[in-house]
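Engineer: A single structure is presented below for examination.
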Amino acid sequence: LFATDEWFARCDNLLKPEPPSFDPNAFCSEGKVMDGWESRRRREPGHDWCIIKLPYTSTPLGLEINTAFFTGNYVPRISVQGANLETLKDDSWLVGAKERVKRGGGVQGTAMSTSDVELAGKQCEEAGKWHILLQQTPLRSGVEETRMHRFDVDEEARTKPITHIRVNYFPDGGVARLKLYGHVTRGSMEGVRGELSSLVYGGRGIGCSNQHYGVPSNLLRVGTGVDMGDGWETARHLDRPPIIKRDPATGLVDTQLHDWCILRMGCVVGEVEKLLIDTKWFKGNYPESVSIDYLYEPKGISGNGEGQWMPLLPRRRSGPDQLFTFETSELSISQDTLITHLKLSIYPDGGVSRVRLFGKGKGKIEDQEGGDVARKRRR
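Start counting at 1 in the sequence shown, then tack on 633, and there's your number in the numbering used here.
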């Protein structure tokens, strides 16, 4: 929404999903082309800062700051604050924010005037209370060995939902990428219909038997998986049989060897409409078969897999790079069934891109469960 100075590179670059890039021969009228947010060398009092609006009200857990390729121009010290500004109806509370959003971001080679920076600072103070997520902390050079920085959010801030963050450079310089990890926080979901397992509604993974190549929360991400790194994949079982055999009675591989993960829904789900399982991109490493059980525990559970699980989808044959849709008639439930958690079992191992449960919100899950945060993993 706002940045004090974007002379060398726009603040919007901090949020790019792809890894930072660098061309040693790329220059423009402002100077060296850099893939991140880089301000000018400050010659006036103060420090550079920006305001970023989150897509959803969220409880912050951790930060990832990458200074890649900023070797002689990285920010020496940084801090991050957060605030819950849900009561503000639009972005007009902050000078220049509506115009910035309308044109699609900042403009390289520009900076806000001294008066606008002072006004923005005052507007931030008046908008709401800002909490420290990360105290002023030194950063390291953007060479490969030291570029990646990972921090836990301050303990007190982990209990306070936020809608905006303020990133403070001390005093100036560049950072390639900034990622804030956490869980979406929602109010009442009573009567809401849709994909209530989604991260957007507060769904999350809370436990699994193995997460060698990806965490369970990836299963609940928005949209179709972008590649094989955008899902939950387990390591190959070392104790798998030397020769695979099929059970003639079931037509499935004759093994009870499996991995599992537990998915907490965004709210209590009732009047289930359908269940989707997607193995997109998993072409040589999809599970041979899958099953799903469900649980109704609105006060929460641990992530160790224990509980009075009931069958939702009996073990079914899976396949490579496919979307499997199961209507209510194919599921072992009634219209009165209430669900707070799903347990996905994959036989014997492998990867799944997405799991989606559609239904109607029937109440809040009162737990304070932790869980993993969705992120891509590389081999």
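Using N, Cα and C, we set each Cβ at its ideal position, and we do this for glycine too.
(1) With a threshold of 6 Å on Cβ separation, who are the neighbours of Asn706 within its own chain once the five nearest residues in sequence on each side are excluded?
(2) Spatial neighbours of Asp638 within its chain, please: CB distance less than 6 Å, with the 5 preceding and 5 following residues excluded, ordered by chain position.
(3) Under the three-state reduction of DSSP, which class applies to Thr883: helix, strand or coil?
(4) Only counting the same chain, and skipping five residues up and downstream in sequence, which positions put a Cβ closer than 7 Å to that of Arg1011?
(5) Ordered along the chain, which non-local residues of its own chain (more than five positions away) have a Cβ less than 6 Å from that of His870?
(6) Apart from the five residues just before and just after Ile966, which ones in its own chain have a Cβ nearer than 7 Å to its Cβ?
(7) If we count the other Cβ atoms within 10 Å of its Cβ and call it buried at 16 or more, is Cys661 buried or exposed?
(8) Return helix, strand or coil for Gly754, following the three-state DSSP convention.
(9) Please classify Trp682: does DSSP put it in a helix, a strand, or coil?
(10) Report the start-end ranges of each alpha helix (DSSP H) in the region 724-806 that is 4 residues or longer and not cut off at the edges.
(11) Taking just the CA atoms, how far does His782 sit from Ala636?
(12) Would you kindly work out how many angstroms separate the C-alpha atoms of Val855 and Gly847, rounded to a whole number?
(13) Which stretch, first to last residue, makes up the beta strand (DSSP E) that contains Ser712?
(14) Among all the DSSP beta bridges, which residues are the ones paired with Met943?
(15) Quick check on this structure: which residue in Pro657, Thr720, Lys665 has the alpha carbon closest to the alpha carbon of Trp640?
(16) Using a Cβ-Cβ cut-off of 7 Å (strictly less than) and excluding sequence neighbours within five positions of Asp645, which residues of its own chain qualify?
(17) Report the option in Val708, Val833, Thr867 whose CA atom is closest to the CA atom of Ser978.
(18) Once the 5 residues before and after Asn717 are set aside, which same chain residues still bring their CB inside 6 Å of it?
(19) Using a threshold of 9 Å, state whether the C-beta atoms of Trp763 and Gly835 are closer than that.
(20) Suppose you measure from the CA of Ser830 to the CA of Gly742; what does that come to, to the nearest Å?
(21) Select from Asn801, Leu975, Val708, Tyr814 the residue whose C-alpha is nearest the C-alpha of Asp785.
(22) Identify which residue in Trp893, Ala790, Tyr802, Ile684 has its Cα closest to the Cα of Arg733.
(23) Using DSSP's beta-bridge definition, name the partner residues of Thr857.
(24) Going by C-alpha to C-alpha distance, which of Val800, Arg791, Val886, Arg736 sits closest to Gly754?
Structural biologist: From the atom records:
(1) Excluding sequence neighbours, Asn706 sits near Gly806, Gly807.
(2) Correct list, in chain order: Ser672, Arg673, Asp681, Ala744.
(3) Here Thr883 carries a coil assignment [DSSP, helix/strand/coil].
(4) With a pLDDT of 49 at Arg1011, under the threshold of 50, the predicted position of this residue should be treated as unreliable, and no value is reported.
(5) Apart from sequence neighbours up to five positions away, the residues of its chain that approach His870 with a beta-carbon distance below 6 Å are Leu890, Pro981, Asp982, ordered along the chain.
(6) Here the set comprises Val905, Leu945.
(7) Cys661 is exposed by the Cβ-count criterion.
(8) Reduced to three states, the DSSP call for Gly754 is helix.
(9) Look at Trp682 here: in three-state DSSP terms it is strand.
(10) For the region 724-806, whole alpha helix (DSSP H) runs of length 4 or above, ordered along the chain, are 730-736, 747-760.
(11) C-alpha of Ala636 to C-alpha of His782: approximately 22 Å in a straight line.
(12) Between Val855 and Gly847, the C-alpha separation is close to 16 Å.
(13) It spans 710-716 - the beta strand (DSSP E) in which Ser712 sits, taken as one unbroken run.
(14) DSSP lists Tyr927 as the bridge partner or partners of Met943.
(15) From the listed residues Pro657, Thr720, Lys665, the smallest Cα separation to Trp640 is found for Lys665.
(16) Excluding residues within five positions, the ones whose Cβ falls inside 7 Å are Gly738, Gly739.
(17) Nearest C-alpha to Ser978: Thr867.
(18) Correct list, in chain order: Pro794, Ile795, Thr796.
(19) In this structure, Trp763 keeps its C-beta atom at 9 Å or more from the C-beta atom of Gly835.
(20) Straight-line Cα distance between these residues: approximately 43 Å.
(21) Comparing Cα-Cα distances from Asp785 to each of Asn801, Leu975, Val708, Tyr814, the minimum goes to Tyr814.
(22) The shortest C-alpha to C-alpha distance from Arg733 to any of Trp893, Ala790, Tyr802, Ile684 is the one to Ile684.
(23) When beta bridges are read from the DSSP output, Thr857 appears opposite no residue.
(24) Ranking Val800, Arg791, Val886, Arg736 by Cα distance to Gly754 puts Val800 first.
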